[in-house]
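Peer 1: For reference, each letter of the first sequence is one residue, going 292 to 403 in my numbering. Quick one: structure below, then a few questions.
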Amino acid sequence: MIPTYHQLVYAVTRQVPKGRVTTYGAIADFLGLGASRMVGWALNNRVDDVPAHRVVNRKGELSGRHKFATPTLMAELLEYEGVKIENDQVVEFERLFWSPAAELGDDWEFPG
DNA sequence: TGTTTGACCACGG
DNA sequence: GCCGTGGCCAAAC
């Protein structure tokens, strides 16, 4: 079957290691979609298996925190994984940034 | 079936 | 360096 946009986003998001973060744009670019907005939209359908809290915007801000059970849950989950959050923003975001294109490679494909 | 809406990003002023 | 605007594409209405 042809994976939908959500499934691609979910699959990539699941690859994000604990304690690391990535951006909507990075995922969109990796998938060759060009529409980073869709990544956020897809994660809006928050699925339990997907660590959506590891996805932030290009500034490292927790722009999607309000879509969690509580607005602070996203920060709490990240801090629990060792990612410090300050003022709704990932501390040392550039250092913790995880690039799917660099880590998975261009030949990565949707599993299943 | 056409319009509106997004957890965004890049660019120009 | 901040603010406004356009563009991107798929789902919901």
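All C-beta atoms, glycine included, are put in the ideal place defined by N, C-alpha and C.
When the Cβ atoms of the region 353-362 are set against those of the region 317-330, are three or more pairs found closer than 8 Å?
Peer 2: Segments in contact, no.
Peer 1: Have a look at T361 and Y371 and give me their C-alpha separation to the nearest angstrom.
Peer 2: Straight-line Cα distance between these residues: approximately 15 Å.
Peer 1: Taking only the alpha-carbon atoms, compute the straight-line gap between E383 and G310 and give it to the nearest angstrom.
Peer 2: Their backbone Cα atoms lie some 12 Å apart in a straight line.
Peer 1: Roughly how many angstroms lie between the CA atoms of K375 and V338, to the nearest whole one?
Peer 2: Cα to Cα, K375 sits roughly 24 Å from V338.
Peer 1: Which residue wins for smallest C-alpha separation from V381, given the options A302, R345 and W399?
Peer 2: Cα-wise, what sits closest to V381 is R345.
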